[in-house]
Amino acid sequence: NNNNNNRNSNKFTYPPIRLNKVLKATHSRRQSDMLIQQGRLSVNGATILPSNYDGNERNQKSNQIGEKSDGNEAGMGMKVIPYMDVVRLDGVVVQGW
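One point on numbering: in my numbering, the residue at position 53 of the sequence shown is 55, and numbering is uninterrupted.
Structure, rendered in structure tokens:
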């Protein structure tokens, strides 16, 4: 029983990574960016809507993970946290990132 308490007390948080890197095992960066622009990805149940992405990350709207909305306007600059956030492509959970 003490082992369970020790495991829970040593929580480790992974650093956030850009959404397009989640798909790096199966898609190129450009293909990932296209999927984001097409609105085919969701994070934690919220569809990711493309922002006014012009290739300049400074011009993108910021986004906080966990916001409740019908869609998050985040685009390529959005970051997700491994093992915490659930990313789906066309409704199918993306595994192994």
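Cβ atoms here follow ideal geometry from the backbone N, Cα and C, with glycine treated the same way.
Residue environment for residue 30: exposed (fewer than 16 other C-beta atoms within 10 angstroms of its C-beta).
Residues 24 of the same chain have their beta carbon placed closer than 6 Å to that of residue 99, with the five preceding and five following residues left out of the count. The beta carbon of residue 34 sits closer than 6 Å to the beta carbons of 22, 25 from its chain, once the five residues preceding and following it are set aside; these are given in chain order.
Relative to residue 14, the option among 50, 85, 52 whose CA is nearest is 85. The DSSP assignment places 43–45 as complete runs of the beta strand (DSSP E) inside the segment 22–46, in order along the chain (cut-off: 3 residues). Residue 41 holds the alpha-carbon nearest to the alpha-carbon of residue 93 among 81, 52, 41.
A check of alpha carbon separations from residue 91 across 43, 80, 39, 17 identifies 43 as the nearest. For residue 50, the enclosing beta strand (DSSP E) starts and ends at 48–51. Taking a C-beta distance under 9 Å as the contact criterion, residue 45 and residue 89 qualify as a contact pair. Taking the C-beta atoms as reference points, residue 19 is found nearer than 9 Å to residue 82.
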